[in-house]
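Undergrad: The structure is given below, and queries will be raised subsequently.
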Amino acid sequence: MPTLRLLLGDQLNSEHSWFKKPDSDTTYLMMEMRQETDYAVHHIQKIVAFFAAMRVFSEYLQQNGHQVIYYTLDDPGNQQELAENISEIIHTGDFTHFDYQLPDEWRLDGQLKTLCADLYEAGITSEAWDTEHFLSSRSDLKAHFKGRKTFVMESFYRMMRQKYSILMNGKEPLTGQWNYDASNRQPFPAGHQSPEPLLFITDVRPLLNLIRQAKIQTVGNLADPEHFGWPVSRADGLRLLNYFVENLLVHFGDFQDAMTPHAWALYHSRLSFVLNVKLVHPLEVIETVVDYWKKNQESVHISQVEGFVRQILGWREYMRGMYWTHMPNFATMNYFEHSRPLPDWFWTGNTRMNCLRHSIGQSLDYAYAHHIQRLMITGNFALLAGINPDDVDAWYLGIYIDAIEWVEITNTRGMSQFADGGLIGTKPYVSSANYIDKMSSYCDGCFYDKKKKIGEKACPFNSLYWHFYNRHEALLQKNPRIGMVYPTWKRMKEADREGIIKQAELYLDQINDL
Ligand code: FAD
Ligand code: SF4
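Using UniProt numbering, read the sequence shown as starting at 1 and increasing by one per residue.
Structure below.
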């Protein structure tokens, strides 16, 4: 029967069973649409990367004998909306069946269910297929935690290690230890240089012109469209993976949490984009890393490997499971009832706080910041300052090359903003300048003084940290993970406490001028 099969922009899995052999009755549909460019203000590199990857994928399918309808952004037939385009193509193309792969976003899931109900009324059958990408189903996490009130990642991760027999010896961890966090996470030694990030050279000038002509609102920069640095094909994704194992894995865990103004990717893999659009499969990433370690055990310590496997087999799958367990409620959670708008300088990097200027600046330049910059610099500041989680989400959803709601919102609203009241993190991730100074060299070149809590040039993180804990005492004082925070606060002289709160309020009043 004549079948139309939808491929969304993050469903570029060439290894999917759909593509085993071409079928003259089957046509694939791919579309560049305003509904996707406009649901958030995206980074220019993010839109370019998605469309470029879709175009490469469509060519690959056609070269392999598959029939493809590809709507460019400016195609005269393109109505820019998913349901409208599909209905029109089905009816004019005389298709009698519609297939799609399960989308990873609640928003698209709803749209497709409604569309299929409408198609059914019109006599068109439809079927939803698995994406054959993730290592757990939408509901596996819910089943794993059934009957339990807390959703501890470590428990899910150990189950996944056993399920896929990764770094395992039967039911026990291969090296006798599940977790090497304690030996990881060192600051960068002075003068240490990480290898240069591997950049690619796709010419995206035609795409950039198209996006500019369509007047799509974007954020961020694209300095050299002749040499676009992100991988947009499976071949380049695999090159990036090999570059990672050969050059970066050796220190991945060691410097996982380190920050420096002198490098923007350090020892991180930058694989999140090719993973999230499914050009590369998480199991092939994990297996490549583990195989490399098995052959190079004298030079690569297990702590680097376990630390990396945990991110993909643990955190990535866990976040997806949490998304499908807690949506749609998750998207409106605001445990602390924070309501302050995001400062303007989040969109420009124009602040005197060196840590924020650098983390935001590199996000604007590369559509990338690594995990600790996202969590302990931008996220930390937003939480301390009481920014509305809706604003924080919109920023993270737009600015990062890898931002797709299932993994963005769980990390932002959950892990970073604690707006879920502790479903994902057991305590809020906040810190004063102390932690930032320990893990980075940002403070050395800063306008503000990392040591001062009050007075001229006092680091805003220091007073905002105490302001946060003071204003949320009722919600946080019984949290066992918070340790000595409240006893330390109470031990301070009342005048000192008042001075700190006054300083924080002054900064909050002038937040756009920090
Ligand atoms: P590496 O450090 O090399 O890690 C390897 C891989 O592990 C990543 O590619 C990613 O697939 C996975 N991973 C690591 N940490 C996480 C995590 N916490 N959750 C899920 N997967 C993880 N990741 C996204 O993919 N999209 C997002 O929109 C996103 N938003 C975030 C927002 C905030 C506030 C925070 C704190 C984290 C966010 N993350 C997001 C998670 C993480 O920061 C990125 O996956 C990582 O920085 C991507 O860079 P990398 O590929 O170099 O990762
Ligand atoms: Fe950031 Fe404060 Fe350090 Fe400046 S002094 S870099 S604002 S933590």
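Backbone N, C-alpha and C fix where the C-beta goes; we use that ideal spot for every residue, glycine too. Here the structure is a predicted model, which is why all the values come from computation and not from measurement.
Short check: CB of residue 4 to CB of residue 95, under 7 Å?
TA: As a position in the sequence shown, residue 4 is number 4, starting the count at 1. As a position in the sequence shown, residue 95 is number 95, starting the count at 1. Going by C-beta atoms, residue 4 is nearer than 7 Å to residue 95.
Undergrad: I believe residue 132 touches residue 13 by the beta-carbon criterion, under 8 Å. Please report the beta-carbon distance rounded to the nearest angstrom.
TA: Taking the sequence shown and counting its residues from 1, one reaches residue 132 at position 132. Taking the sequence shown and counting its residues from 1, one reaches residue 13 at position 13. Between residue 13 and residue 132 the Cβ distance is about 6 Å, and since that is below 8 Å, they are a contact.
Undergrad: So what does DSSP say about residue 79, is it helix, strand or coil?
TA: Along the sequence shown, one-based indexing puts residue 79 at 79. Coil.
Undergrad: Report the partner residues of residue 387 according to the DSSP bridge assignment.
TA: Looking up residue 387 in the sequence shown gives position 387. DSSP output for residue 387 lists 340 as bridge partner(s).
Undergrad: Given a threshold of 16 other Cβ atoms within 10 Å of its Cβ, counted over all protein chains shown, does residue 220 qualify as buried or as exposed?
TA: Position 220 of the sequence shown, counted from the first residue, corresponds to residue 220. So residue 220 counts as buried.
Undergrad: Does the structure place the segment 76-91 close enough to the segment 256-270 that three or more beta carbon pairs sit under 8 Å?
TA: No, because fewer than three Cβ pairs between the segment 256-270 and the segment 76-91 fall closer than 8 Å, the two stretches do not touch.
Undergrad: Quick one: Cα of residue 476 to Cα of residue 417, how far?
TA: In the sequence shown, the residue the question calls residue 476 occupies position 476. In the sequence shown, the residue the question calls residue 417 occupies position 417. So the alpha carbons of these two residues sit roughly 14 Å apart.
Undergrad: Which of helix, strand or coil does DSSP assign to residue 403?
TA: Residue mapping note: residue 403 aligns to position 403 of the sequence shown, counting from 1. In the structure shown, residue 403 sits in coil (DSSP, three-state: anything other than H, G, I, E or B).
Undergrad: Who are the Cβ neighbours of residue 308 in its own chain at under 6 Å, not counting the five residues just before and after it?
TA: For this step, residue 308 is matched to residue 308 along the sequence shown. Around residue 308: 252, 289.
Undergrad: Quick one: is the Cβ of residue 354 within less than 6 Å of any heavy atom of ligand 2?
TA: Residue mapping note: residue 354 aligns to position 354 of the sequence shown, counting from 1. Yes, since a heavy atom of ligand 2 falls inside the 6 Å radius drawn around the Cβ of residue 354.
Undergrad: Roughly how far, in whole angstroms, is the beta-carbon of residue 463 from the beta-carbon of residue 500, given that I think they are within contact range, below 8 Å?
TA: Here residue 463 corresponds to residue number 463 of the sequence shown, with the count starting at 1. Here residue 500 corresponds to residue number 500 of the sequence shown, with the count starting at 1. Right, the Cβ-Cβ distance comes to about 5 Å (below 8 Å), so this counts as a contact.
Undergrad: With the cut-off set at 7 Å, would you say residue 52 and residue 204 are in Cβ contact?
TA: The sequence position of residue 52 within the sequence shown is 52, counting from 1. The sequence position of residue 204 within the sequence shown is 204, counting from 1. Going by C-beta atoms, residue 52 is nearer than 7 Å to residue 204.
Undergrad: Provide the residue span of the beta strand (DSSP E) that contains residue 7, from first to last.
TA: Position 7 of the sequence shown, counted from the start, is the residue given in the question as residue 7. Element bounds for residue 7: n/a, residue is neither H nor E.
Undergrad: For the structure I just gave you, are there three or more beta carbon pairs, one from the segment 381-397 and one from the segment 331-340, closer than 8 Å?
TA: Yes, the segment 381-397 is in contact with the segment 331-340.
Undergrad: Using 7 Å as the limit for Cβ to Cβ distance, is residue 132 near chain B?
TA: Included in the structure is just one protein chain, with no chain B present.
Undergrad: Check whether the segment 222-235 touches the segment 35-55, counting contact only when three or more Cβ pairs, one atom from each stretch, lie closer than 8 Å.
TA: Yes, the segment 222-235 is in contact with the segment 35-55.
Undergrad: Alpha carbon to alpha carbon, how far is residue 281 from residue 494?
TA: Translated into the one-based positions of the sequence shown, residue 281 becomes position 281. Translated into the one-based positions of the sequence shown, residue 494 becomes position 494. Going by the C-alpha atoms only, they are around 56 Å apart.
Undergrad: When DSSP builds the beta bridges, which residues end up paired with residue 127?
TA: Position 127 of the sequence shown, counting from 1, holds the residue named residue 127. Looking at the DSSP assignment, residue 127 forms a beta bridge with 99.
Undergrad: Cα separation between residue 184 and residue 368?
TA: Your numbering for residue 184 matches position 184 in the sequence shown. Your numbering for residue 368 matches position 368 in the sequence shown. Taking the straight line joining both Cα atoms gives about 22 Å.
Undergrad: Mapping the DSSP letters down to three states, classify residue 335 as helix, strand or coil.
TA: In the sequence shown, residue 335 corresponds to position 335, counting from 1. The answer is coil: DSSP assigns residue 335 none of H, G, I, E or B.
Undergrad: Only counting the same chain, and skipping five residues up and downstream in sequence, which positions put a Cβ closer than 6 Å to that of residue 7?
TA: Taking the first residue of the sequence shown as position 1, residue 7 is located at position 7. So the qualifying residues of the chain are 28, 30.
Undergrad: Is residue 267 near ligand 2, with its Cβ less than 6 Å from a heavy atom?
TA: Taking the first residue of the sequence shown as 1, we reach residue 267 at position 267. No; taking the cut-off as 6 Å, the Cβ of residue 267 has no heavy atom of ligand 2 nearer than that.
Undergrad: Between which two residues does the beta strand (DSSP E) containing residue 27 stretch?
TA: Here residue 27 refers to the residue found at position 27 of the sequence shown. Taken as a continuous stretch (DSSP letters only), the beta strand (DSSP E) holding residue 27 covers 26-31.
Undergrad: Looking at C-alpha atoms only, which residue of 238, 378, 127 is the closest neighbour of residue 460?
TA: Taking the first residue of the sequence shown as 1, we reach residue 460 at position 460. Nearest of 238, 378, 127 to residue 460, Cα basis: 378.
Undergrad: Taking C-beta to C-beta, are residue 285 and residue 241 nearer than 7 Å?
TA: Locating residue 285 in the sequence shown gives position 285, where the first residue counts as 1. Locating residue 241 in the sequence shown gives position 241, where the first residue counts as 1. Yes, the pair counts as a contact, with Cβ atoms nearer than the cut-off.
Undergrad: In three-state DSSP terms, what is residue 456?
TA: The sequence position of residue 456 within the sequence shown is 456, counting from 1. Coil at residue 456, not helix or strand.
Undergrad: From 371, 448, 245, 117, pick the residue whose C-alpha is nearest to that of residue 429; which is it?
TA: The residue you call residue 429 lines up with position 429 of the sequence shown. Considering only alpha carbons, the answer is 371.
Undergrad: Please classify residue 202: does DSSP put it in a helix, a strand, or coil?
TA: Here residue 202 refers to the residue found at position 202 when the sequence shown is read from its first residue. The answer is strand: DSSP assigns residue 202 an E or B state.
Undergrad: What residue ranges within the segment 116-185 form continuous beta strand (DSSP E) runs of no fewer than 3 residues, ordered along the chain?
TA: If we require 3 residues or more, the beta strand (DSSP E) runs fully inside the segment 116-185 come out as 125-129.
Undergrad: Taking the alpha helix (DSSP H) that residue 286 belongs to, which residues open and close that run?
TA: Residue numbering aside, residue 286 sits at position 286 when the sequence shown is read from its first letter. Its alpha helix (DSSP H) spans residues 282-295.
Undergrad: What do you get for residue 287, buried or exposed, if any count of 16 or more other CB atoms within 10 angstroms of its CB means buried?
TA: Translated into positions along the sequence shown, residue 287 becomes position 287. With fewer than 16 Cβ atoms within 10 Å of its Cβ, residue 287 is classed as exposed.
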